[in-house]
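Colleague: What follows is a structure written as C-alpha cells; I'll ask about it next.
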C-alpha cells in the first residue's frame, strides 16, 4: 500500500500552546525521556518543554487539523552527507492507529525537501515500540545494520522524491 497524505491536516511551525498540549500526551518521566532524550526534565510544562526541545539544527513542526488543534508533532534535521533525520515524532494518543504518522512523515519529508537535498530518510525508534516499528516499515523504512543500542533501532529509506 502506498502511503498517502491526509489533506485534512496541515503542517505548521509549533505555537506555545502546542507545547502545552504535548505535555498532556506524555504520562511520566520515563515516557518523556524515551520520546525526547535522556536529559528531558520532568515534570514538563509548555514553556519548559519548548526550551528542553530546542536544538539549533532541529526544525520542529506541528500537524494540525482543520480547527487548528494539534494532532501530531515531529522534527527533522539534516545529517551529512544527504540524510534527513526525523526525531521526536508523536501522535495524539486519542488519534493513534489512524495512520496520522504517515501524513506527518510525508509532510515533514516534503518540507525538508524544500530546504535541502537528501537522498535518505532516517529515524530511530525503541525496538519495543511495535506499533511505531510497524508504521515505519509500512512507510518503507528498513532496519539499518547499525543499532544505536540494545533497545533502539535506526531505520532508513530512500527519500520520497
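Residue numbers (the working numbering): 27 to 187.
C-beta: ideal position from N, C-alpha, C; glycine also.
Please classify residue 52: does DSSP put it in a helix, a strand, or coil?
Modeller: Note: residue 52 maps to coil in three-state DSSP.
Colleague: Can you tell me whether residue 47 is buried or exposed? The criterion is at least 16 other CB atoms within 10 Å of its CB, across all chains shown.
Modeller: Counting Cβ neighbours within 10 Å, residue 47 comes out buried, since at least 16 surround it.
Colleague: Considering only residues of the same chain and omitting the five flanking positions on each side of residue 137, which have a CB-CB separation below 7 Å?
Modeller: Excluding positions up to five away in sequence, the list reads 37, 87.
Colleague: Is the separation between the beta-carbon of residue 58 and that of residue 70 shorter than 8 Å?
Modeller: Yes, these two residues count as a Cβ contact at 8 Å.
Colleague: Is residue 31 helix, strand or coil by DSSP?
Modeller: If DSSP states are grouped into helix, strand and coil, residue 31 belongs with coil.
Colleague: Note down, in chain order, each residue of its chain lying with its Cβ closer than 8 Å to the Cβ of residue 42, except the 5 sequence neighbours on either side.
Modeller: Here the set comprises 72, 73, 76.
Colleague: What is the C-beta distance between residue 109 and residue 144, in whole angstroms, given that I count them as a contact (C-beta under 8 Å)?
Modeller: Between residue 144 and residue 109 the Cβ distance is about 6 Å, and since that is below 8 Å, they are a contact.
Colleague: So residue 98 and residue 117 are supposed to be a Cβ contact under 8 Å. How far apart are they, rounded?
Modeller: Contact flag correct, Cβ pair sits at about 5 Å.
Colleague: Give me, in chain order, the residues of the same chain whose beta-carbon lies closer than 7 Å to that of residue 34; leave out the 5 immediate sequence neighbours on both sides.
Modeller: Contacts found: 91, 92.
Colleague: For the beta strand (DSSP E) that contains residue 146, what are its first and last residues?
Modeller: Unbroken beta strand (DSSP E) run through residue 146: 146–152.
Colleague: Using only CA atoms, which one of 142, 55, 149, 44 lies nearest to residue 170?
Modeller: For residue 170, the nearest C-alpha among the options comes from 149.
Colleague: Where DSSP assigns a beta bridge to residue 193, which residues make up the other side?
Modeller: Nothing can be reported for residue 193, as the shown portion of the chain is limited to 27 through 187.
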